[in-house]
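Take this note's numbering: the last position of the sequence shown gets the number 443, and nothing is skipped along the way. Presented below is the structure to which this report refers.
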Amino acid sequence: MTSFLLILSIALILSYGVFTWHYFANWRGLACWPRKPRLEHSLLGVLLLLQAIAVLLPLTQGALLSLGVGRALSVMVWIMLLIYWTCSFFYRVEGLQLFMMPLAMAALGFALLFPGQHVVQDLSNPAFVLHILVSLFAYSLFAIGALIAILMLFLEKALHDKRASPLVRQLPPLLSLEKMMFQVIGVGFLLLTVSLLTGVVFSEEVLGHAAALTHKTVFAVLSWLLFGGLLIGRKLQGWRGRVAIRWTLAGFLSLALAYIGSKVVIELILQRG
Numbered sequence: 171m172t173s174f175l176l177i178l179s180i181a182l183i184l185s186y187g188v189f190t191w192h193y194f195a196n197w198r199g200l201a202c203w204p205r206k207p208r209l210e211h212s213l214l215g216v217l218l219l220l221q222a223i224a225v226l227l228p229l230t231q232g233a234l235l236s237l238g239v240g241r242a243l244s245v246m247v248w249i250m251l252l253i254y255w256t257c258s259f260f261y262r263v264e265g266l267q268l269f270m271m272p273l274a275m276a277a278l279g280f281a282l283l284f285p286g287q288h289v290v291q292d293l294s295n296p297a298f299v300l301h302i303l304v305s306l307f308a309y310s311l312f313a314i315g316a317l318i319a320i321l322m323l324f325l326e327k328a329l330h331d332k333r334a335s336p337l338v339r340q341l342p343p344l345l346s347l348e349k350m351m352f353q354v355i356g357v358g359f360l361l362l363t364v365s366l367l368t369g370v371v372f373s374e375e376v377l378g379h380a381a382a383l384t385h386k387t388v389f390a391v392l393s394w395l396l397f398g399g400l401l402i403g404r405k406l407q408g409w410r411g412r413v414a415i416r417w418t419l420a421g422f423l424s425l426a427l428a429y430i431g432s433k434v435v436i437e438l439i440l441q442r443g
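Here it is as structure tokens:
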């Protein structure tokens, strides 16, 4: 990593740290500056542009693609932030900052410490490029769905305990969060389906053999089944509340084990590229 990218990454970590402090202080009633959503949204847009430079430039090494565990995580979190920023034009996404800002700090820091050494080629193959892009967007959407599910648990408990904290008062209604979660999961499920199909195509066209039944494949298919079951249960049985939250978190955990878990074991524990 060049000195420029190192300085840029550190500056972004500090900037997201300021955002984190700003949101937490406002929610606890301790802020020095009041909330200004339009200004916050504009500043976050600038940070996202700078973050695109910090996370996307290190991926290319000539004609190769370097997608180690740290860099993959940083790209995924950047996509999550981009989706969050875009959705904030159309939806009330208040409360997700509680997770998004610290997550951005952690992902950037992790990429600096553990960029990973997984270098892949075949960028000229359309099936492979489509598979990578669709997979990252699917994982990012499911991660946002999991964060919304956690936020729903927090809000449900606060309403049950009749605690009207500043954060609870600013959150969208529980039904709105639930609707948003299912919309995110619905799009993510379609992308995950495409990801699994293009993965098969990529394996057959580039590697010359059918996709192997690996740990990654098993957990990815299990995640697809869990999210598919959740959407069917929602459609036919009207699943909602804690049932929907449990299925969402289980599906995301399975997906995390499929991709992030395998990369952490291979690259950080086994020290393989």
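Heads up, the beta-carbon is just placed ideally off N, CA and C, and yes, glycines get one too.
Taking its Cβ as the centre, do 16 or more other Cβ atoms sit within 10 Å of residue i, making it buried, or is it exposed?
{"i": "T368", "result": "buried"}
{"i": "S365", "result": "buried"}
{"i": "L184", "result": "exposed"}
{"i": "L200", "result": "exposed"}
{"i": "A222", "result": "exposed"}
{"i": "A195", "result": "exposed"}
{"i": "S212", "result": "exposed"}
{"i": "P342", "result": "buried"}
{"i": "G443", "result": "Interpretation of G443 is limited by its pLDDT of 49, a score under 50 that renders its predicted location unreliable; no figure is taken from the coordinates."}
{"i": "P228", "result": "buried"}
{"i": "S310", "result": "buried"}
{"i": "F174", "result": "exposed"}
{"i": "W139", "result": "Since the first and last residues shown for the chain are 171 and 443, residue 139 lies out of range."}
Identify which residue in the options has its Cα closest to the Cα of residue i.
{"i": "A277", "options": "E264, S244, A313 and M350", "result": "S244"}
{"i": "K349", "options": "K327, I318 and L362", "result": "I318"}
{"i": "L361", "options": "F397, K332 and V338", "result": "F397"}
{"i": "V388", "options": "L427, G399, G356 and A297", "result": "L427"}
{"i": "V354", "options": "H385, K327, V263 and K332", "result": "V263"}
{"i": "A224", "options": "L345, A308 and L176", "result": "L176"}
{"i": "V357", "options": "T190, C202, I253 and L220", "result": "I253"}
{"i": "V188", "options": "A274, R416 and R410", "result": "A274"}
{"i": "G399", "options": "R412, W417 and G411", "result": "W417"}
{"i": "Y429", "options": "A316, L229, L344 and M246", "result": "M246"}
{"i": "G468", "options": "K332, T384, I180 and I314", "result": "The requested residue 468 is not part of the displayed model; the chain covers only 171 to 443."}
{"i": "V216", "options": "L182, A308 and R205", "result": "L182"}
{"i": "L344", "options": "M250, W191, L321 and Y309", "result": "L321"}
{"i": "A316", "options": "R404, A414, W203 and K332", "result": "A414"}
Does the beta carbon of residue i fall short of 7 angstroms from some heavy atom of the ligand HEM?
{"i": "A308", "result": "You won't find the ligand HEM in this model; it holds no ligand whatsoever."}
Residue i and residue j look like a contact to me (Cβ under 8 angstroms); what is the Cβ gap, rounded to whole Å?
{"i": "W255", "j": "L218", "result": "6 angstroms"}
Per the contact definition of three or more C-beta pairs closer than 8 angstroms, is the region 276-283 in contact with the region 236-247? yes
Examine the Cβ distances between the region 405-422 and the region 383-397 and report whether three or more of them are shorter than 8 angstroms. yes
Touching by the beta-carbon criterion (3+ pairs, under 8 angstroms), the region 265-275 and the region 298-307: no
With a threshold of 8 angstroms, are at least 3 pairs of Cβ atoms found where one atom belongs to the region 251-262 and the other to the region 321-329? no
Kindly provide the ranges of any alpha helix (DSSP H) runs that are 4 or more residues long and lie completely inside the region 346-421, ordered along the chain. 385-407
What residue ranges within the region 206-287 form continuous alpha helix (DSSP H) runs of no fewer than 4 residues, ordered along the chain? 207-226, 239-257 and 267-283
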